[in-house]
Ligand SMILES: *Cc1c(COP(=O)(O)O)cnc(C)c1O
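Residue numbers (the numbering used here): 82 to 433.
This is the structure:
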């Protein structure tokens, strides 16, 4: 089997590789023409998506970005507006797709520290129904947001708020399985406070590609048309779907371990007792490390020389370390140790 050279890769949970069992499941998948809705493996996955989310319908899409794009477009018409976090994936990291392809306008709102969008701020941004304004149609939440699971109480409030204010609620659930595990709730509980939700199998669950978009029959039927329009009415898609099914059935148990490893790593880093080196609080698989000023590049280079890749999407202020099933507890210890060694060198005037 062709695997990449063994490095400890903490850049993202997208770095997980399909395991032997998943590859076998993919190879043996029954397939058909999915555009004709005749691919048994895709159909099975979509039915399973309904079962775990509690939604009426679901479609298989290639990426989380595609799920977000279809989700936003299925809820809005051209010229409509959606509200999203100013650092949300759908707004910041998706090449402006909802605007470019859908003609949608975004109204960004700053995230609160816990990853929620303050509903009072959201309320202020809902445009009055007058010809001056775009029609505000949708609120997009992200769960987890910067590794934080959104509190259930907030989700219930947000869903009620959206209902009262005529907005749909879309959840970018790229890491919502992590949220469910961290909160100890069933995915259905989270999904029950949304109209439409995306689920991703290609991050910590380890499938090579694939997300599900789950919602009402009406929204998902619109979604099927949009997916076709976006050039992704794919044919024998069942091999990928089988990998995703394997991910959902076999790899969910890895998430709790990832969360433990993240806590362990954060503890080990805090125990190094380096001034200005500390980790933010966390409850899922991401560690955000505040670094002593000016050490980001030096640290990343040093870690790389020790076979550790870190900081895929970091800001100059913090280093993001993401735990996933290809990183073991022993690796975590090595990472903390290497960081400690680097700061010893810095203290001795040797580090850059
Ligand atoms: C990764 C991610 C996506 C997009 O997923 P892709 O499969 O990479 O397109 C969307 N939202 C969030 C929050 C993500 O982290």
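Glycine is no exception: its CB is placed at the ideal position from the N, C-alpha and C atoms.
- Here residue 217 carries a strand assignment [DSSP, helix/strand/coil].
- In this chain, the beta strand (DSSP E) harbouring residue 294 covers 292 to 296.
- If you look at residue 369, you'll find it isn't in any alpha helix (DSSP H); it sits in the beta strand (DSSP E) that goes 367 to 371.
- Between residue 275 and residue 252, the beta carbon gap of about 4 angstroms places them in contact (Cβ cut-off 8 angstroms).
- For the set 96, 115, 141 and 94, the Cα lying nearest the Cα of residue 326 is the one of 141.
- Boundaries of the alpha helix (DSSP H) harbouring residue 181: 178 to 181, taken from the DSSP string.
- DSSP, read as helix, strand or coil, puts residue 199 in coil.
- For residue 229, the beta-bridge partners assigned by DSSP are 226.
- Residue state for residue 401 is assigned as strand, using DSSP reduced to three classes.
- The C-beta distance from residue 381 to residue 388 rounds to 13 angstroms, too long to fall under 8 angstroms, and the pair is not in contact.
- Secondary structure of residue 429 (DSSP, three-state): coil.
- Within the model, the alpha-carbon separation for residue 135 versus residue 127 is close to 12 angstroms.
- Ranked by how close their Cα comes to the Cα of residue 270, the residues 301, 232, 294 and 303 have 232 in first place.
- Within the model, the alpha-carbon separation for residue 167 versus residue 255 is close to 17 angstroms.
- At a threshold of 7 angstroms, residue 284 counts as near ligand 1, since its beta carbon sits closer than that to one of the ligand's heavy atoms.
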